[in-house]
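**Q**
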Amino acid sequence: MRKFFITFLCFTGDGRAAQVDDLWKSFGRVQAIRGLCLRLESGQIHGLLGPNGSGKTTTLKCVVGLLKPDRGTVKFNGREITTTAEYKSSQGYLPENPALPDYLTVEEFLVFSAKLKGLKAETIRKEVNELLDSFGLVGVSDRLI
């Protein structure tokens, strides 16, 4: 049996773990997630392993707020998440097969992504510069992705 793996990195502001309790999600009569509980330590890399269709992507989308679970809670920094713009602006999600525009530089892509996320125009430059610096990308910011 082939196994598939999803990896994600969890950072929370105060070093506490992200926590998932009794998470349920269905699509019609298909139960994708049944009572899932997870504790994700901050600053560590975590992975979900399972066969195709086992709920890995659905779980990740619920954790980052892209899907609303039918039941259960997801907490970061001890607070239950919501799908507000404030929460979404602090999350990131890169799908399995991203369609990245190869005509943009690293910096242009970050600006583009910030606009898609709904960040205010006056804060985008500051946020992009902080990201480039945080991830050591200042020297390659003008390269095509």
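Numbering (UniProt numbering), first residue to last: 1 to 145. Built from N, CA and C at the ideal position, the CB exists for glycine as well. Keep in mind that this is a model prediction, so the values were computed, not measured.
Which word fits residue 112, buried or exposed, when buried means at least 16 other C-beta atoms lie within 10 angstroms of its C-beta?
**A** Reading the sequence shown from its first residue, position 112 is the one you call residue 112. By the beta-carbon neighbour count (other beta carbons within 10 angstroms, threshold 16), residue 112 is exposed.
**Q** Figure out for me which residue from 117, 105, 61 and 119 has the closest Cα to the Cα of residue 132.
**A** Here residue 132 is taken as the residue at index 132 of the sequence shown, counted from 1. Of the candidates 117, 105, 61 and 119, the one whose C-alpha sits nearest the C-alpha of residue 132 is 105.
**Q** Which residues does DSSP list as the beta-bridge partners of residue 21?
**A** Against the sequence shown, residue 21 aligns to sequence position 21. Per DSSP, 73.
**Q** Along the alpha helix (DSSP H) that carries residue 125, what are the first and last residues, could you check?
**A** Here residue 125 refers to the residue found at position 125 of the sequence shown. First-last of the alpha helix (DSSP H) with residue 125: 121–134.
**Q** Rounded to a whole number of angstroms, what is the C-alpha to C-alpha distance between residue 124 and residue 70?
**A** Translated into positions along the sequence shown, residue 124 becomes position 124. Translated into positions along the sequence shown, residue 70 becomes position 70. Spanning the two alpha carbons is a distance of roughly 34 angstroms.
**Q** Could you tell me the distance, in whole angstroms, from the CA atom of residue 108 to the CA atom of residue 57?
**A** As a position in the sequence shown, residue 108 is number 108, starting the count at 1. As a position in the sequence shown, residue 57 is number 57, starting the count at 1. For residue 108 and residue 57, the distance between alpha carbons rounds to 27 angstroms.
**Q** Considering only the beta carbon of each residue, do residue 36 and residue 22 sit closer than 9 angstroms?
**A** The sequence position of residue 36 within the sequence shown is 36, counting from 1. The sequence position of residue 22 within the sequence shown is 22, counting from 1. Yes. Within cutoff.
**Q** Suppose you measure from the CA of residue 29 to the CA of residue 101; what does that come to, to the nearest Å?
**A** In the sequence shown, counting from the first residue as 1, residue 29 sits at position 29. In the sequence shown, counting from the first residue as 1, residue 101 sits at position 101. Cα-Cα distance, rounded: 37 angstroms.
**Q** Tell me the DSSP secondary structure of residue 80 in three-state form.
**A** On the sequence shown, residue 80 is found 80 positions in, with the first residue counted as 1. In the structure shown, residue 80 sits in a strand (DSSP, three-state: E or B).
**Q** In angstroms, rounded to a whole number, what distance separates the CA positions of residue 128 and residue 99?
**A** Locating residue 128 in the sequence shown gives position 128, counting from the first residue. Locating residue 99 in the sequence shown gives position 99, counting from the first residue. Answer to the nearest angstrom: the Cα atoms are 20 angstroms apart.
**Q** On the CB-based measure, 16 or more other CB atoms within 10 Å of its CB, does residue 25 come out buried or exposed?
**A** The count along the sequence shown starts at 1 and reaches residue 25 at position 25. So residue 25 ends up on the buried side.
**Q** Apart from the five residues on each side of it in sequence, which residues of its chain come closer than 7 angstroms, Cβ to Cβ, to residue 138?
**A** As a first step, residue 138 must be located in the sequence shown, where it is residue number 138. If we look at residue 138 and ignore the five residues flanking it on each side, its Cβ neighbours are 132.
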